[in-house]
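One structure is given below, encoded as structure tokens.
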Amino acid sequence: MASTTHHETPEVEQFFANLNRNVTEIACDNSKRLEFYINLAAQLKRQAETFLQTEDLARSYVIVKRYLFLVLRTIPKHNGYSLPQYREQVSQIKQDASSMLAVLERTRSALVQQLSETTENQQEGVAPSGAASLSSAASEDSQKDISKDTKEIQKSLSSTVLSPTSPQKVTNASAPPPSVHANAKSSLSTAQQPFSQLYSRSPGPSTTHTRELPPSHQNSYPSLINNGGVYPAKPVLMMQPIQPASNSTLSHTHPSAPPPKGLPQLRSKPSSEFTLQKVNVPGSLLDTFAALAKDNTANNIETCGILSGVLHKGEFYISTLLIPKQHATSDTCDTMDEIELFEVQEAKGLMTLGWIHTHPSQTCFLSSVDLHTQCGYQTMLPEAVAIVIAPTDTDKPYGFFRLTTDSNQVDGLHMIQSCPATGFHQHGTPESARHLFEDAAHVVVDWTSSREVELVDLRHT
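Going from the sequence shown to the working numbering is simple: count from 1 and add 509.
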């Protein structure tokens, strides 16, 4: 059957316009070492691979594009970009960007085809045959009609590559055309090597790659929550998953029942509006962290940690609590040596799912500094959660928060992304600032789970 090229209809143009609103360019902060951004790129690359494996093409498209913006726009602005000791690393990520550009265009083609197929099938009442795939002719036509935004990325790529290295081929011309998903995965995997090889660090200011990972521990502390210790006997906030309001964008959609036998099962049309995926938290996490922070809390000093985990069957699971080197006061906690955190996550194949910190003598909320910290995590992953433990707050001793993203009301995420202020500062009135964040309705805590969180404490390594 002859293939047809799916041209850019108004529906397709609007779809990608909506999708591109989720692509936020990451600002360059020269107080962070260049390795920080190179490691950030590696995390985005791993995120993209994870979502491609689950065939979440819309999310994959956004992450790959964010990766390309980071590599081609943010990193070149860094003071260390042109230093000789980083030349090999920068050259490598530029080569990776060529492969990622191929992933972006193939993912885009697959989304266009899905939009077209579902529209046609819903009109005709027939089911599509097989998974979404492009014939070699359609793929060729699609590559000729490269989208405007991809052309801009290609222009950035051609102007920033340090060496005349040709992009790696991503398909075998003699082989039968694989599915679009397989093509995208293949493109992403062309440079899949161990992190130490992919971004080998030349001698420079950092020697963290030579360190051995600290031992991890499965900790089972006496309960500080349920045994009348630091917290009340019963959880206050999350005994049951919070049910979002009917107009909330945070609802977790459950799969509908399969259609009766004999009726065509249509592929759902891809959506440019992301529904947050569930984040599962083991109940032991709060006890583990509270016990670890107990001495600091008694001395009115904050403690912070990084929440790491995996995506499994469309849901996130927090499995590991990383405690970085840090400098803290009664109302601040700054992480140190973030490169070390990336290395541990890379070695264990983990994603950053958020952060946790204490308010030793304050109430349970997100301060102006906390809002900016959460903004960084949530920009990277919309599901990222901020957990606050406030033992002196009798009304709410702990909370699970995120920045609001309702463009029809208060869009806290975009407001903080556009705020240039640092340190403690006002975001409007105290009342309006409260609407910049909300309880994270996509978080579910399993208080009965026997699964212990893995603890990796880097403070004394």
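For every residue, glycine included, the Cβ atom is placed at its ideal position computed from N, Cα and C.
Bear in mind the structure is a predicted one, so any value in this text is a computation, not a measurement.
Simplified DSSP assignment, three categories, for residue i
| i | result |
| --- | --- |
| proline 891 | coil |
| threonine 627 | helix |
| threonine 882 | helix |
| lysine 857 | helix |
| proline 687 | Caution is warranted here: a pLDDT of 37 is assigned to proline 687, below 50, making its placement in the model unreliable, and the coordinate value is therefore given only provisionally. Of the three classes helix, strand and coil, the one that applies to proline 687 here is coil, per DSSP. |
| histidine 718 | Because the pLDDT at histidine 718 is just 39, under 50, the model does not fix this residue reliably, and the value given afterwards should be weighed accordingly. If DSSP states are grouped into helix, strand and coil, histidine 718 belongs with the helices. |
| serine 839 | coil |
| glutamate 824 | strand |
| glutamate 963 | strand |
| lysine 834 | strand |
| isoleucine 898 | strand |
| glycine 921 | helix |
| asparagine 789 | strand |
| serine 876 | coil |
| phenylalanine 909 | strand |
| aspartate 796 | helix |
Identity of the residue in the options nearest residue i by Cα
| i | options | result |
| --- | --- | --- |
| histidine 934 | Leu880, Tyr826, Asp902 and Leu528 | Leu880 |
| threonine 812 | Arg617, Ala611 and Thr838 | Thr838 |
| isoleucine 865 | Thr903, Asn808, Leu922 and Thr797 | Thr797 |
| glycine 818 | Gly863, Ser793 and Lys834 | Gly863 |
| serine 828 | Asn917, Asp955 and His944 | Asp955 |
| methionine 889 | Ser600, Glu961 and Arg911 | Arg911 |
| leucine 816 | Gln883, Val580 and Ala606 | Gln883 |
| asparagine 809 | Val919, Asn539, Gln871 and Leu964 | Gln871 |
| aspartate 605 | Val853, Arg555 and Leu795 | Arg555 |
| valine 612 | Lys541, Ile572 and Leu875 | Ile572 |
| serine 959 | Arg596, Arg568, Leu794 and Ser600 | Leu794 |
| aspartate 843 | Glu597, Gln594, Asp902 and Gly932 | Gly932 |
| methionine 1052 | Val521, Leu528 and Thr559 | Limits of the chain in this structure are 510 at one end and 970 at the other, which puts residue 1052 out of reach. |
| aspartate 804 | Ala856, Thr867 and Glu782 | Thr867 |
Residue i classed as buried or exposed, judged by whether at least 16 other C-beta atoms fall within 10 angstroms
| i | result |
| --- | --- |
| leucine 549 | buried |
| asparagine 531 | buried |
| threonine 913 | buried |
| alanine 536 | exposed |
| leucine 624 | buried |
| methionine 845 | exposed |
| proline 791 | buried |
| alanine 895 | buried |
| alanine 526 | exposed |
| glutamine 523 | exposed |
| glutamate 517 | exposed |
| histidine 969 | exposed |
| glycine 921 | buried |
| histidine 951 | buried |
| threonine 616 | buried |
| histidine 821 | exposed |
| serine 927 | exposed |
| serine 540 | exposed |
| aspartate 902 | buried |
Beta-carbon proximity of residue i to residue j, cut-off 8 Å
| i | j | result |
| --- | --- | --- |
| tyrosine 570 | leucine 620 | yes |
| isoleucine 832 | glycine 858 | no |
| tyrosine 590 | leucine 553 | no |
| proline 891 | leucine 566 | no |
| phenylalanine 909 | alanine 949 | yes |
| glutamate 614 | isoleucine 848 | no |
| leucine 967 | leucine 830 | no |
| phenylalanine 825 | glutamine 887 | no |
Contiguous beta strand (DSSP E) assignments of at least 3 residues, all confined to the segment 581–614:
none
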